[in-house]
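So the structure is just underneath, and the comments pick up after that.
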Amino acid sequence: MDTDDATAGGSRTTASDAVGPIRVDAQPLHYEPALDGIRALAVLAVMAFHFLGAEYFAGGLIGVDVFFVLSGFLITSLLLDEQNRTGAVSLRGFYHRRVLRLFPAMYTLLALVAVAAIFIGAEYPSVWAELGAAALYSYQIFLGLFGFATPDSPRVLFHLWSLSVEEWFYFFWPFLLLLGLRSRARQRTLIAAASAWAGFWVLVRLSGEAVGVNWTHDDPFVGTGVSYVGEVLYRFSAMRFDQLLVGCLLAVVVRRYALVASGPGAPRRRWLDAAAALGTLVLVAELLLAGRVDAFDPFGSIGFNLALAGIPFAVLWIHLNPRVGPARWLSLPLAVWIGKRAYGLYLWHEVLNILTPKPAGKAALLVRLVVLVVASMGVAELSWRFIESPFLRRKSARYGDRHQDPAAPATPSATTD
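Residue numbers (our numbering): 8 to 424.
Written out as structure tokens, the structure is:
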């Protein structure tokens with residue numbers, strides 16, 4: 008879910024939000040088409056999961072975690088690049104850019120859903136509460152209290168929980184990062200604390216699976232004991248911060264140790280080749296085997312968590328090898344086109360899915376899948392051209408082209424900034 012977050016013009020940082028003298032040395036992040044390709048794969052996986060259902064493609068939900076890692080990596084990279092370039096980071100500029108990138112498309116969606124609810128709201132009794140929660144970026148709290156859906160109350164906007172989680176994370180992460188940059192000791196403390204937090208939630212998921220926590224999407228008020236705990240924790244913001252933190256740590260490590268892209272004279276990192284290859288294989292296994300093999304079932308299985316661990320290695324490999332093998336495939340025009348519109352695709356696809364009756368039979372389901380994919384891409388193109396792009400141009404005019412996200416825009420969680 009991704010653009011920039013650098014300072015410019017009238018948005019200079021003040022003493023209250025200035026970064027200390029520590030400079031993190033590394034190449035600045037340039038536009039990398041392959042990162043748009045990663046976004047494309049992630050949003051297509053999520054769309055397939057929603058359109059086909061867990062019965063056919065349970066592994067697709069890991070696409071949200073790919074978005075989270077990519078978001079943390081890109082946004083933290085841009086913050087560090089700004090600090091290197093100017094010696095300071097503008098928090099005001101950071102949040103203003105996020106508003107320009109995220110608000111127009113999402114609030115257009117909410118406005119249109121509100122208009123539709125006037126006419127068909129009786130079929131979706133929770134829609135007004137959903138609209139309020141989504142508008143306040145608190146949808147994950149709504150889900151934690153009331154569950155994903157019931158036969159009598161389908162959720163029209165439930166996919167917006169991930170945007171809420173991401174924005175809650177970015178309410179405080181820039182402040183922690185700025186504090187961590189003030190000295191080498193604080194950098195080490197930040198890395199250790201973030202690693203511990205992410206690792207803690209991995210243990211929670213694995214131990215929860217061992218004692219029978221229910222990670223499904225049922226109404227939490229139906230569950231009791233550990234089942235109830237699982238229902239709430241699944242949607243709890245702090246539990247989903249781990250992959251965002253992993254992406255942030257990846258950016259810090261790349262700059263702290265000055266890891267540079269491959270090229271003439273660049274060292275061969277065989278450890279990274281092996282880790283990225285293994286991580287990618289586990290990710291593919293998760294996509295194909297989730298829902299069929301217990302060891303790969305979301306959310307607390309060994310396979311699912313190994314797949315999560317593989318995401319940062321795959322992202323790092325693509326970042327450091329932008330013109331090699333898989334990165335070249337991810338840079339194909341169609342992949343880049345989809346990746347640039349991933350935010351709009353994520354916003355609109357599930358609304359179209361909810362409003363389209365699901366037929367019986369695999370053939371009819373496949374036809375429905377094709378129709379929904381085409382319709383989602385059409386709506387996403389309209390959103391990109393007439394809603395998102397004008398505000399992106401405004402952002403570019405205000406902050407300069409050099410502040411554009413190196414793979415803008417990002418996510419379902421609109422990893423932009």
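Beta carbons: idealized from backbone N, C-alpha and C, even for Gly.
Query raised in the report: Does the distance from the C-beta atom of F320 to that of A282 stay below 8 Å?
Result: The residue labelled residue 320 in the question sits at position 313 within the sequence shown. The residue labelled residue 282 in the question sits at position 275 within the sequence shown. The Cβ atoms of F320 and A282 lie closer than 8 Å to each other.
Query raised in the report: How would you call Y38, buried or exposed, if buried means at least 16 neighbouring beta carbons within 10 angstroms?
Result: One-based indexing of the sequence shown puts residue 38 at position 31. So Y38 ends up on the exposed side.
Requested in this report: Would you grab the beta carbon distance between A121 and L109 for me? Rounded to a whole angstrom, and I think it's under 8 Å.
Outcome: Taking the sequence shown and counting its residues from 1, the one referred to as residue 121 is at position 114. Taking the sequence shown and counting its residues from 1, the one referred to as residue 109 is at position 102. So it is not a contact: roughly 18 Å between Cβ atoms.
Query raised in the report: Where P366 and Y63 are concerned, what is the direct C-alpha to C-alpha distance, given to the nearest angstrom?
Result: As a working mapping, residue 366 is identified with position 359 in the sequence shown. As a working mapping, residue 63 is identified with position 56 in the sequence shown. Near 14 Å, if we compare the C-alpha coordinates of Y63 and P366.
Requested in this report: Compare the C-alpha of I45 against each of V71, D280, L116 and name the closest.
Outcome: Position 38 of the sequence shown, counted from the start, is the residue given in the question as residue 45. The shortest Cα separation from I45 among V71, D280, L116 belongs to V71.
Requested in this report: Have a look at D301, A334, L341, W168 and flag the residue whose alpha-carbon is nearest the alpha-carbon of M246.
Outcome: What you label residue 246 is simply residue 239 of the sequence shown in a count that begins at 1. Nearest to M246 by alpha-carbon distance, out of D301, A334, L341, W168, is W168.
Query raised in the report: Is the beta carbon of G317 less than 8 Å from the beta carbon of L285?
Result: Start at 1 with the first residue of the sequence shown, and residue 317 comes out as number 310. Start at 1 with the first residue of the sequence shown, and residue 285 comes out as number 278. Between G317 and L285, the C-beta spacing is below 8 Å.
Report task. Report yes if the C-beta distance between S171 and S190 is below 8 Å; otherwise report no. Result -> Here residue 171 corresponds to residue number 164 of the sequence shown, with the count starting at 1. Here residue 190 corresponds to residue number 183 of the sequence shown, with the count starting at 1. Against a cut-off of 8 Å, the Cβ pair of S190 and S171 comes out as no contact.
Query raised in the report: Quick one, which of T363, L399, S396, P397 has its alpha-carbon nearest S383's?
Result: As a position in the sequence shown, residue 383 is number 376, starting the count at 1. If we check each option's Cα against that of S383, T363 comes out closest.
**Report entry** Cβ pair L87, V322 closer than 8 Å
**Finding:** Position 80 of the sequence shown holds residue 87. Position 315 of the sequence shown holds residue 322. Going by beta carbons, L87 and V322 fall outside the 8 Å limit.
Query - S84 versus R99, V261, W135, residue with shortest Cα-Cα distance - result: The residue given as residue 84 occupies position 77 in the sequence shown. It is V261 whose Cα lies nearest to the Cα of S84.
Query raised in the report: So K347 is in the alpha helix (DSSP H); what residue range does that whole segment cover?
Result: Residue numbering aside, residue 347 sits at position 340 when the sequence shown is read from its first letter. Residues 340-347.
Query raised in the report: Counting pairs of Cβ atoms below 8 Å between the region 375-389 and the region 330-340, do you hit three or more?
Result: In short, these stretches do not touch, since the Cβ pair count stays below three.
Report task. Put K365 into one of helix, strand or coil per three-state DSSP. Result -> For this step, residue 365 is matched to residue 358 along the sequence shown. Here DSSP, grouped into helix, strand and coil, assigns K365 to coil.
Report task. Excluding the 5 residues preceding and the 5 following L290 in the sequence, name in chain order all residues of the same chain whose CB lies nearer than 6 Å to its CB. Result -> Here residue 290 corresponds to residue number 283 of the sequence shown, with the count starting at 1. Closer than 6 Å at Cβ, skipping near neighbours: A314, G317.
Report task. Report yes if the CB atom of L107 is closer than 8 Å to the CB atom of F303, and no otherwise. Result -> As a first step, residue 107 must be located in the sequence shown, where it is residue number 100. As a first step, residue 303 must be located in the sequence shown, where it is residue number 296. Cβ atoms of L107 and F303: not closer than 8 Å.
**Report entry** Between the CA atoms of Q250 and F179 - distance to the nearest angstrom
**Finding:** Within the sequence shown, residue 179 is the residue found at index 172, counting from 1. Within the sequence shown, residue 250 is the residue found at index 243, counting from 1. Across the structure, F179 and Q250 are spaced so that their CA atoms are roughly 16 Å apart.
Query raised in the report: Roughly how many angstroms lie between the CA atoms of P305 and I394, to the nearest whole one?
Result: On the sequence shown, residue 305 is found 298 positions in, with the first residue counted as 1. On the sequence shown, residue 394 is found 387 positions in, with the first residue counted as 1. Each residue's Cα considered, the two are about 35 Å apart.
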